[in-house]
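K.L.:
All letters in the sequence shown, in the order written, are residues 3 to 174 by this note's numbering. Note that CB positions come from ideal geometry on N, CA and C, so glycine has one too. These numbers were taken from a predicted model, which means no experiment stands behind them.
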Amino acid sequence: MIKDNSKIIIRVATETDIGHIKTLIEEGKRKMIASGNLHQWSASHPSIEQLHQDILNGNSYLVIDVANPSSPLATFAAIASPEPTYTVIEEGQWLNDASYYVIHRVASAPNTHGIMRAIINFVFTLTNNIRIDTHADNILMRSALERLGFTYCGIIYLENGDTRVAYQKIKE
3 MIKDNSKIII
13 RVATETDIGH
23 IKTLIEEGKR
33 KMIASGNLHQ
43 WSASHPSIEQ
53 LHQDILNGNS
63 YLVIDVANPS
73 SPLATFAAIA
83 SPEPTYTVIE
93 EGQWLNDASY
103 YVIHRVASAP
113 NTHGIMRAII
123 NFVFTLTNNI
133 RIDTHADNIL
143 MRSALERLGF
153 TYCGIIYLEN
163 GDTRVAYQKI
173 KE
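1. My guess is that residue 107 and residue 136 are in contact by the Cβ rule of under 8 Å, so how many angstroms apart are they, rounded?
2. Going by beta carbon distance, what residues of the same chain come within less than 8 Å of residue 59, once the five residues before and after it are set aside?
3. At the level of alpha carbons, what is the spacing between residue 117 and residue 146?
4. Taking the CB atoms as reference points, tell me whether residue 76 and residue 90 lie closer together than 7 Å.
5. Quick one: what's got a C-beta closer than 6 Å to residue 138's C-beta in the same chain, skipping five residues either side?
6. Alpha carbon to alpha carbon, how far is residue 62 from residue 173? Give it in angstroms, no decimals.
7. Which residue wins for smallest C-alpha separation from residue 69, given the options 8, 54, 127 and 26?
8. For residue 134 and residue 169, I'd like the C-alpha separation in whole angstroms.
9. Assuming residue 30 contacts residue 109 (C-beta within less than 8 Å), just tell me the rounded distance between them.
10. Tell me the DSSP secondary structure of residue 62 in three-state form.
11. Assign residue 164 to one of two classes, buried (16 or more other C-beta atoms within 10 Å of its C-beta) or exposed (fewer than that).
12. For the alpha helix (DSSP H) containing residue 146, list its first residue and its last residue.
13. Select from 97, 115 and 19 the residue whose C-alpha is nearest the C-alpha of residue 154.
14. Would you mind reading off the limits of the beta strand (DSSP E) that contains residue 156?
15. Quick one, which of 162, 12 and 158 has its alpha-carbon nearest residue 177's?
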């Protein structure tokens with residue numbers, strides 16, 4: 003849990019962090035299943051290749067509690083636009099056509115709360131415009147996004163044809 007007096011940092015992940023990232027992703031899968039989101043991440047998704055590619059591209063990040071730096075609190079990818087699967091959106095529209103960052107592959111350690119707020123605040127240091135998508139069954143993420151002021155924009159389609167609900171927030 004991020005406590006009011008905790009100091010966290012968010013840093014770019016390196017190849018030496020891959021073990022932590024894999025562990026956090028596995029925790030994320032367990033949380034999703036426990037909350038009724040059975041279909042967003044499969045045994046092979048996100049793939050180890052995708053996690054390595056995020057690191058190689060400088061898009062993979064870790065959220066670290068300075069008091070316990072050897073146990074990262076969370077991982078995520080923040081990627082500059084364009085996101086190919088965001089080209090077509092149905093049952094709605096994006097808030098604007100400006101460049102943006104997309105947040106993918108968010109996963110946190112057990113019993114952590116407040117992580118999304120820290121991630122959003124960090125990504126807003128990179129851009130004024132954030133887009134994110136999630137599975138319709140991911141109630142935890144959808145609730146967090148709505149609580150953090152994101153606007154539901156519509157439905158996007160992944161490369162495999164699966165649907166995701168899409169959100170956007172523009173920095174005030």
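P.N.:
The structure says:
1. Within the sequence shown, residue 107 is the residue found at index 105, counting from 1. Within the sequence shown, residue 136 is the residue found at index 134, counting from 1. At roughly 11 Å, the Cβ-Cβ gap does not stay under 8 Å, so residue 107 and residue 136 are not in contact.
2. Residue 59 sits at position 57 when you count from the first residue of the sequence shown. If we look at residue 59 and ignore the five residues flanking it on each side, its Cβ neighbours are 81.
3. Walking along the sequence shown from the start, residue 117 turns up at place 115. Walking along the sequence shown from the start, residue 146 turns up at place 144. Going by the C-alpha atoms only, they are around 10 Å apart.
4. Residue mapping note: residue 76 aligns to position 74 of the sequence shown, counting from 1. Residue mapping note: residue 90 aligns to position 88 of the sequence shown, counting from 1. Cβ distance not < 7 Å, so residue 76 and residue 90 don't count as in contact.
5. Here residue 138 is taken as the residue at index 136 of the sequence shown, counted from 1. Cβ neighbours of residue 138 beyond the five flanking positions: 167.
6. On the sequence shown, position 171 is the one that residue 173 refers to. On the sequence shown, position 60 is the one that residue 62 refers to. If I take the Cα positions, the gap works out to 22 Å.
7. Locating residue 69 in the sequence shown gives position 67, where the first residue counts as 1. With distances taken between Cα atoms, residue 69 lies closest to 8.
8. For this step, residue 134 is matched to residue 132 along the sequence shown. For this step, residue 169 is matched to residue 167 along the sequence shown. One C-alpha to the other measures close to 5 Å.
9. On the sequence shown, residue 30 is found 28 positions in, with the first residue counted as 1. On the sequence shown, residue 109 is found 107 positions in, with the first residue counted as 1. Residue 30 to residue 109, Cβ: 3 Å. Contact.
10. If you number the sequence shown from 1, residue 62 lands on position 60. In this structure, residue 62 counts as strand in the three-state DSSP scheme.
11. The residue labelled residue 164 in the question sits at position 162 within the sequence shown. The residue in question, residue 164, is exposed, as its Cβ has fewer than 16 Cβ neighbours within 10 Å.
12. In the sequence shown, residue 146 corresponds to position 144, counting from 1. Where residue 146 is concerned, the enclosing alpha helix (DSSP H) stretches over 141-149.
13. Translated into the one-based positions of the sequence shown, residue 154 becomes position 152. Answer by Cα proximity: 97.
14. In the sequence shown, counting from the first residue as 1, residue 156 sits at position 154. Start and end: 153-159.
15. Not covered by the structure: residue 177. The range shown for the chain is 3 to 174.
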